[in-house]
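If you're matching positions, the sequence shown starts at 4 in my numbering and goes up one per residue.
Glycine residues also receive a C-beta, built at the ideal position from the N, C-alpha and C atoms.
In what follows, a structure is listed as structure tokens, so that the remarks can point back to it.
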Amino acid sequence: MGKRVRISGAECVLPSGRWRGDVLVEGGRILDLDPPASARADQTIDATGLHLLPGVVDDQVHFREPGLTHKEDLATASWACAKGGVTTFFEMPNTKPTTTTVERLHEKLALAATKSVVNYGFYIGATPTNIEETRAATRTPGIKIFIGSSTGDLLVDEQAALERIFAETTLPICAHCEDEATVRANSARLNGGTRIQDHSLIRDHLAAEIATRRALDLAYRHNHRFHVLHVSTAIETEIVADHRGLITAEACPHHLFFTVDDYERLGSLIQMNPSIKTKEDVAVLWKALGDGRIQVIATDHAPHTLEEKRQPYPKSPSGLPAVENSLALMLDAANRGLCTLEQVVAWMCDAPARVWDLVGKGRIERGYDADLVLVDLNKSQTIRNEDQLTKCGWSPWAGTTLTGWPVMTLVHGEVVFADGKVDTSHRGKEAIFDHSRGGYWG
Ligand code: DOR
Numbered sequence: 004m005g006k007r008v009r010i011s012g013a014e015c016v017l018p019s020g021r022w023r024g025d026v027l028v029e030g031g032r033i034l035d036l037d038p039p040a041s042a043r044a045d046q047t048i049d050a051t052g053l054h055l056l057p058g059v060v061d062d063q064v065h066f067r068e069p070g071l072t073h074k075e076d077l078a079t080a081s082w083a084c085a086k087g088g089v090t091t092f093f094e095m096p097n098t099k100p101t102t103t104t105v106e107r108l109h110e111k112l113a114l115a116a117t118k119s120v121v122n123y124g125f126y127i128g129a130t131p132t133n134i135e136e137t138r139a140a141t142r143t144p145g146i147k148i149f150i151g152s153s154t155g156d157l158l159v160d161e162q163a164a165l166e167r168i169f170a171e172t173t174l175p176i177c178a179h180c181e182d183e184a185t186v187r188a189n190s191a192r193l194n195g196g197t198r199i200q201d202h203s204l205i206r207d208h209l210a211a212e213i214a215t216r217r218a219l220d221l222a223y224r225h226n227h228r229f230h231v232l233h234v235s236t237a238i239e240t241e242i243v244a245d246h247r248g249l250i251t252a253e254a255c256p257h258h259l260f261f262t263v264d265d266y267e268r269l270g271s272l273i274q275m276n277p278s279i280k281t282k283e284d285v286a287v288l289w290k291a292l293g294d295g296r297i298q299v300i301a302t303d304h305a306p307h308t309l310e311e312k313r314q315p316y317p318k319s320p321s322g323l324p325a326v327e328n329s330l331a332l333m334l335d336a337a338n339r340g341l342c343t344l345e346q347v348v349a350w351m352c353d354a355p356a357r358v359w360d361l362v363g364k365g366r367i368e369r370g371y372d373a374d375l376v377l378v379d380l381n382k383s384q385t386i387r388n389e390d391q392l393t394k395c396g397w398s399p400w401a402g403t404t405l406t407g408w409p410v411m412t413l414v415h416g417e418v419v420f421a422d423g424k425v426d427t428s429h430r431g432k433e434a435i436f437d438h439s440r441g442g443y444w445g
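Now the structure itself:
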């Protein structure tokens, strides 16, 4: 039982369409859709004029705890999530120490239980030698492989090690696909790079293409579910189209909204791995989202301090924060006619829940968890560094005015963000996975 909340008068949005009606929430779950007016409720939230979406599931974030907590920690990152309409996150293993054993995975889960206001899950990272750990892990969305190094020292590049991981594990796998040899050769040719623009020449189209082809070849031959993180090039959208019921792919806001032309204005603030690409690539990424070659949008939220970012290239680290603004960026895009609201819900809520076999989330449906976000499509607001809740305190979109913002976020039926404030006393729950479901194509 517990408190009953009626969310009244919103237009509810699902991938399949919209309807205007009330939603009744009890005990952290959605109890009823369109309940009779006589249904008892302890609290009514007047959502007239607003849209109700399932909470965003962000399947790729770097929250820096343990070990790198001068950049971010699980509390600050989760506040940023709540403000941004993200009700569940899956975090990457390149913390210090890395999440490469079951023990460390469980330590992170225990830490998040004490600190995170939203729901959480953590990947287990692959190394060339930790196959037993990745086989023993159960409380996780899946295995993360860095096929190509990025921030931190997690890298699995040798073919034999990759073959073993794909052959001998059963959890879904995702990977950072940039070919290490190509990146190193490009870097040597450019003497390591001196201008920020060199970053996109070092981590070039070919590096992404080679690594993505290599990963898909492994997935096909071992009949293993595989999710391509942060697709950044047009050519990769053609490769992932051949999904064979195994492959899913995702795009990130920075690859959808920035191009190499923005380096002049933003410098290393938009230095990311994979690198920012051309406007032609951006156009194809949008097309691939539209026709279903790419199913998911996730942020790759990767905070570094401004001081770290302002070092001259190539000393400047790769990564930018985004969980706080990703939904607003997409609502603004929908307002501008780049996509529909239904597509935003499909890409940010429904698809990631399905890809990772997440139980009870990603939809507004009876029995589903009441992880919900109310958005005001008419609200215009300018992103400002001083308003950011992420510990790093900046956004590459600072100065940008977006129309369409989350105004209230509920996690398990509790209001965690409203009136511009996060209830930092709330605690989210561990995400539950049922990997027998077979993922997005299952
Ligand atoms: O630019 C990036 N930064 N890409 C990644 O894959 C890792 C991330 C980080 O952790 O800083």
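Beta carbon of residue i, beta carbon of residue j: below 7 Å?
i: D379; j: D437; result: no
i: L157; j: I127; result: no
i: A214; j: I150; result: yes
i: L219; j: H179; result: no
i: A222; j: L249; result: yes
i: G416; j: G31; result: yes
i: L193; j: D201; result: yes
i: A2; j: V159; result: The requested residue 2 is not part of the displayed model; the chain covers only 4 to 445.
i: V28; j: S81; result: no
i: S190; j: S278; result: no
i: V49; j: S19; result: The question names Val, yet the displayed sequence has Asp at residue 49. Result no, Cβ atoms of D49 and S19 do not sit closer than 7 Å.
i: K432; j: N122; result: yes
i: T240; j: Q298; result: no
i: V362; j: G442; result: no
i: W397; j: L341; result: no
i: D25; j: P38; result: yes
i: D284; j: A237; result: yes
i: R206; j: I242; result: no
i: S319; j: K280; result: no
i: T172; j: R142; result: no
i: T327; j: G87; result: Sequence check: residue 327 is Glu here, not Thr. Going by C-beta atoms, E327 is nearer than 7 Å to G87.
i: T406; j: I386; result: no
Note the first and the last residue of the continuous alpha helix (DSSP H) segment covering residue i.
i: C84; result: L77 to G87
i: Y123; result: First-last for Y123: N122 to F125, but that is the beta strand (DSSP E), not the alpha helix (DSSP H).
i: W289; result: K282 to D294
i: T137; result: I134 to A139
i: D201; result: D201 to I205
i: Q274; result: Here Q274 belongs to no alpha helix (DSSP H), and DSSP marks it neither H nor E.
i: V28; result: V28 -> not in any alpha helix (DSSP H); beta strand (DSSP E) instead, spanning V26 to E29.
i: V105; result: V105 to K118
i: L34; result: Counting along the chain, L34 falls outside any alpha helix (DSSP H), though it belongs to the beta strand (DSSP E) covering R32 to L36.
i: L309; result: L309 to K312
i: V243; result: A237 to V243
Since residue i contacts residue j with CB under 8 Å, what's their CB separation in whole angstroms?
i: E75; j: T104; result: Not quite, the Cβ-Cβ distance comes to about 22 Å (not below 8 Å), so this is no contact.
i: I300; j: F229; result: At roughly 18 Å, the Cβ-Cβ gap does not stay under 8 Å, so I300 and F229 are not in contact.
i: G365; j: P57; result: 5 Å
i: L323; j: T79; result: So it is not a contact: roughly 16 Å between Cβ atoms.
i: A85; j: T412; result: 5 Å
i: N276; j: S329; result: That belief does not hold up - the Cβ atoms of N276 and S329 are roughly 18 Å apart, past 8 Å.
i: I199; j: Y371; result: The pair is not a contact, with the Cβ atoms about 44 Å apart (cut-off 8 Å).
i: H225; j: A325; result: With 8 Å as the limit, H225 and A325 do not qualify as a contact, their Cβ atoms being about 32 Å apart.
i: D62; j: P355; result: 4 Å
i: H65; j: N97; result: 6 Å
i: A16; j: E345; result: One point to set straight first is that residue 16 is Val, not Ala, in the sequence displayed. Right, their Cβ atoms sit about 6 Å apart.
i: W289; j: L259; result: 7 Å
i: F93; j: G52; result: F93 to G52, Cβ: 32 Å. No contact.
Would you give the residue range spanned by the beta strand (DSSP E) that residue i belongs to?
i: E183; result: Taken as a continuous stretch (DSSP letters only), E183 belongs to no beta strand (DSSP E), being part of the alpha helix (DSSP H) at E183 to R192.
i: H230; result: F229 to V231
i: F149; result: I146 to I150
i: R7; result: R7 to S11
i: F420; result: E417 to A421
i: I250; result: I250 to A254
i: I48; result: Q46 to D49
i: G406; result: The identity of residue 406 in the sequence shown is Thr, whereas the question assumes Gly. T404 to V414 is the extent of the beta strand (DSSP E) around T406.
i: E14; result: E14 to L17
i: H208; result: H208 -> not in any beta strand (DSSP E); alpha helix (DSSP H) instead, spanning H208 to H225.
i: L269; result: Per DSSP, L269 belongs to no beta strand (DSSP E); it is in the alpha helix (DSSP H), Y266 to L269.
i: R23; result: G20 to R23
i: P57; result: H54 to P57
Which runs of the beta strand (DSSP E) fall wholly inside the region 322-397 and span at least 3 residues, in chain order? 375-385
Continuous alpha helix (DSSP H) assignments of at least 4 residues falling wholly in the region 157-183: 162-171
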